[in-house]
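*Asks:* So the sequences go chain by chain: A and B.
So the first sequence is numbered by the numbering used here: it starts at 1 and just counts up by one.
So the second sequence is numbered by the numbering used here: it starts at 1 and just counts up by one.
Using N, Cα and C, we set each Cβ at its ideal position, and we do this for glycine too.
Small disclaimer: the values here were computed from a predicted structure and weren't measured.
There are 2 protein chains.
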Amino acid sequence: MTHRRHPRSRSRRLVRPGHWHVHARVERFVEPSLLLLLRERPLHGYELLERLPELGLEGRVDIGNLYRLLRSLEDEGLVSSEWNAELPGPAKRTYELTAQGRRLLDRWAEALRRAQDTIGNFLDRYEEGR
Amino acid sequence: MTHRRHPRSRSRRLVRPGHWHVHARVERFVEPSLLLLLRERPLHGYELLERLPELGLEGRVDIGNLYRLLRSLEDEGLVSSEWNAELPGPAKRTYELTAQGRRLLDRWAEALRRAQDTIGNFLDRYEEGR
DNA sequence: ACCAGTATAGGTAAAAAACATATGTCAGTC
DNA sequence: GACTGACATATGTTTTTTACCTATACTGGT
Numbered sequence: 001m002t003h004r005r006h007p008r009s010r011s012r013r014l015v016r017p018g019h020w021h022v023h024a025r026v027e028r029f030v031e032p033s034l035l036l037l038l039r040e041r042p043l044h045g046y047e048l049l050e051r052l053p054e055l056g057l058e059g060r061v062d063i064g065n066l067y068r069l070l071r072s073l074e075d076e077g078l079v080s081s082e083w084n085a086e087l088p089g090p091a092k093r094t095y096e097l098t099a100q101g102r103r104l105l106d107r108w109a110e111a112l113r114r115a116q117d118t119i120g121n122f123l124d125r126y127e128e129g130r
Numbered sequence: 001m002t003h004r005r006h007p008r009s010r011s012r013r014l015v016r017p018g019h020w021h022v023h024a025r026v027e028r029f030v031e032p033s034l035l036l037l038l039r040e041r042p043l044h045g046y047e048l049l050e051r052l053p054e055l056g057l058e059g060r061v062d063i064g065n066l067y068r069l070l071r072s073l074e075d076e077g078l079v080s081s082e083w084n085a086e087l088p089g090p091a092k093r094t095y096e097l098t099a100q101g102r103r104l105l106d107r108w109a110e111a112l113r114r115a116q117d118t119i120g121n122f123l124d125r126y127e128e129g130r
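1. Rounded to whole angstroms, what's the CA-CA distance from arginine 125 (chain B) to glutamate 40 (chain A)? Just pull it up for me.
2. As a quick exercise: from B:Pro42, B:Arg51, B:Gln100 and B:Arg107, pick the residue whose alpha carbon is nearest that of arginine 93 (chain B).
3. Could you tell me if arginine 12 (chain B) is buried or exposed, where buried requires 16 or more neighbouring beta carbons within 10 angstroms of its beta carbon?
4. Counting pairs of Cβ atoms below 8 Å between the stretch 103 to 122 of chain A and the stretch 13 to 32 of chain B, do you hit three or more?
5. Roughly how many angstroms lie between the CA atoms of glycine 18 (chain A) and tryptophan 83 (chain B), to the nearest whole one?
6. What residues in its chain sit with their C-beta under 8 Å from that of leucine 57 (chain B), if we drop five residues either side in the sequence?
7. For a test of the three-state rule: what should DSSP assign to serine 80 (chain A), helix, strand or coil?
8. Residues in the same chain with beta-carbon distance under 8 Å from tryptophan 20 (chain B), minus the five sequence neighbours each way, listed in chain order, please.
9. Assuming isoleucine 63 (chain B) contacts glutamine 116 (chain A) under a Cβ cut-off of 8 Å, what Cβ separation, rounded to an integer in Å, is found between them?
10. Any beta carbon of chain A sitting closer than 8 Å to that of glycine 120 (chain B)?
11. Within the same chain, show all residues whose beta-carbon is closer than 6 Å to that of leucine 104 (chain B), passing over the 5 residues directly before and after it, in chain order.
12. Compile a chain-ordered list of the residues in the stretch 100 to 125 of chain B whose CB is closer than 9 Å to at least one CB of chain A.
13. Grab the span of the alpha helix (DSSP H) containing glutamate 54 (chain B) for me, first residue to last.
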């Protein structure tokens, strides 16, 4: 087993005695974020990386994982891509949302609404007992 | 690398073609939930397990991880525990929140408020483009 | 020629969550 | 009195998700 005395957690870090940095993050939030950005217009990976902070993913999107995720979304038929030769600079692979991807985004939106309710419920209960 | 064609994801599952089950969950949400329940009154592990669904953790809290988490919280001084001999039935270890644990809960509440904003922002942008 | 920014990609480690199993108490019942 | 199921705590292992690190190549400016 791994019952570590002081786990180096991603979501929690002890800054100084009694003072914590806590991050409450939604699991796999990059995925719906990519789908949302791609619904607005086709983009390539690097552009997506630059735009993700707009959605709250500040400085914490791993570029390697981003490209992997894009390719796995394509394998699942949620996005489609092609090399874009027209644009200047290094070769860019431009992704666009498929109809399936759009439906998945709708699911994510529903799920995120439920998550909001869950958090709201937690916070209400938290405020009650202050 | 692991670029799996059809990832067996926790947060996403294809039910039938084009139909997905999506779960948007907050990372490590069990932790603040335990702290909140323990702020209300001391409880033992099994009781906590029974009460977690009230906070939206339905049928998805692993009992093994729950006990591990409780012990690691104790190692960090966030909760304290002792065996409760009075109560009938199998031996129970009763946990209560420490002052440190209370402060961590406050941090979690702040973080969850920020998460709510992030989700709210996402959903606004989602609704705009419908 | 060199460097910084753009662009894509793979390898590996660590953290988080899920899945599986073990051990013992106790109350009711067949 | 053996058996069953709910209560209670705990460990071991695997899978999934995220973080960290490295490699490659094109392009524009100095």
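*Replies:* Short version:
1. As a working note, residue 125 (chain B) is residue 125 in the second sequence. As a working note, residue 40 (chain A) is residue 40 in the first sequence. Approximately 10 Å between the Cα atoms of the pair.
2. As a position in the second sequence, residue 93 (chain B) is number 93, starting the count at 1. Selected option, being the one with the closest Cα: B:Pro42.
3. Sequence index remark: in the second sequence, residue 12 (chain B) carries index 12 (1-based). Counting Cβ neighbours within 10 Å, arginine 12 (chain B) comes out buried, since at least 16 surround it.
4. yes
5. Your numbering for residue 18 (chain A) matches position 18 in the first sequence. Your numbering for residue 83 (chain B) matches position 83 in the second sequence. If you take the alpha carbons of glycine 18 (chain A) and tryptophan 83 (chain B), they lie about 26 Å apart.
6. Position 57 of the second sequence, counted from the first residue, corresponds to residue 57 (chain B). Closer than 8 Å at Cβ, skipping near neighbours: Phe29, Val30 and Ser33.
7. Indexing the first sequence from 1 puts residue 80 (chain A) at position 80. Here serine 80 (chain A) sits in strand by DSSP.
8. Taking the second sequence and counting its residues from 1, one reaches residue 20 (chain B) at position 20. Contacts found: Arg12, Arg13 and Leu14.
9. Here residue 63 (chain B) refers to the residue found at position 63 of the second sequence. Here residue 116 (chain A) refers to the residue found at position 116 of the first sequence. That belief does not hold up - the Cβ atoms of isoleucine 63 (chain B) and glutamine 116 (chain A) are roughly 28 Å apart, past 8 Å.
10. As a working mapping, residue 120 (chain B) is identified with position 120 in the second sequence. Answer yes: the Cβ-Cβ gap between glycine 120 (chain B) and chain A drops below 8 Å somewhere.
11. In the second sequence, counting from the first residue as 1, residue 104 (chain B) sits at position 104. Excluding sequence neighbours, leucine 104 (chain B) sits near Leu78.
12. Gln100, Arg103, Leu104, Leu105, Asp106, Arg107, Trp108, Ala109, Glu110, Ala111, Leu112, Arg113, Arg114, Ala115, Gln116, Asp117, Thr118, Ile119, Gly120, Asn121, Phe122, Leu123 and Arg125
13. Residue mapping note: residue 54 (chain B) aligns to position 54 of the second sequence, counting from 1. Taken as a continuous stretch (DSSP letters only), glutamate 54 (chain B) belongs to no alpha helix (DSSP H), as it is neither H nor E.
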